[in-house]
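*Asks:* This is the structure, below, for whatever I ask next.
Residue numbers (UniProt numbering): 1 to 117.
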């Protein structure tokens, strides 16, 4: 999960990115997030490489907590982080704008192999 944490950090924790699809598959123990533009946090800056969509999948999910209030469209990320890592699981937190939080404990994450600014 360290690579996933580094991926998120290099992308500015996906701040202001739009979630186009949130999919929870309890039977597969997975949660996925379709992101419209992984680089959106860099839009307007010289290092912005252009729009790149991507799918982040959290696998072997052990715990899910969803607290969303005052949901606005489009669904935007305030902060997507790995808060804690242990040998058996990682705590992932997704805070949403203007108010909301999805907390997930999982064992693995898959994410796009994209260039990082």
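A virtual CB, placed ideally from N, CA and C, is assigned to each residue, including glycine.
Is there contact here, the segment 71-89 with the segment 9-21, by at least three beta-carbon pairs under 8 Å?
*Replies:* The segment 71-89 vs the segment 9-21: in contact.
*Asks:* In terms of alpha-carbon separation, which member of 59, 87, 89, 83 lies closest to residue 13?
*Replies:* For the residues 59, 87, 89, 83, the minimum Cα distance to residue 13 belongs to 83.
*Asks:* Taking the alpha carbon of residue 8 as the reference point, which residue from 24, 54, 61 has its own alpha carbon closest?
*Replies:* Minimum Cα distance to residue 8 is reached at 54.
*Asks:* How about residue 138 and residue 52: are their beta carbons less than 7 Å apart?
*Replies:* Given that the chain is displayed from residue 1 to residue 117, the structure contains no residue 138 and the question cannot be resolved.
*Asks:* Among the candidates 72, 38, 62, 112, whose CA atom is the shortest distance from the CA of residue 25?
*Replies:* Ranking the options by Cα distance to residue 25, first place goes to 62.
*Asks:* Taking only the alpha-carbon atoms, compute the straight-line gap between residue 106 and residue 99 and give it to the nearest angstrom.
*Replies:* Going by the C-alpha atoms only, they are around 23 Å apart.
*Asks:* Roughly how many angstroms separate the alpha carbons of residue 1 and residue 87, rounded to a whole number?
*Replies:* Residue 1 and residue 87: Cα-Cα distance of roughly 9 Å.
*Asks:* Fully enclosed by the segment 54-106, which beta strand (DSSP E) runs are 3 residues long or longer?
*Replies:* Within the segment 54-106, the complete beta strand (DSSP E) runs of at least 3 residues are 54-59, 63-69, 75-85, 90-97, 99-106.
*Asks:* Alpha carbon to alpha carbon, how far is residue 116 from residue 94?
*Replies:* If you take the alpha carbons of residue 116 and residue 94, they lie about 20 Å apart.
*Asks:* May I ask which residues mark the beginning and end of the beta strand (DSSP E) holding residue 21?
*Replies:* Where residue 21 is concerned, the enclosing beta strand (DSSP E) stretches over 18-25.
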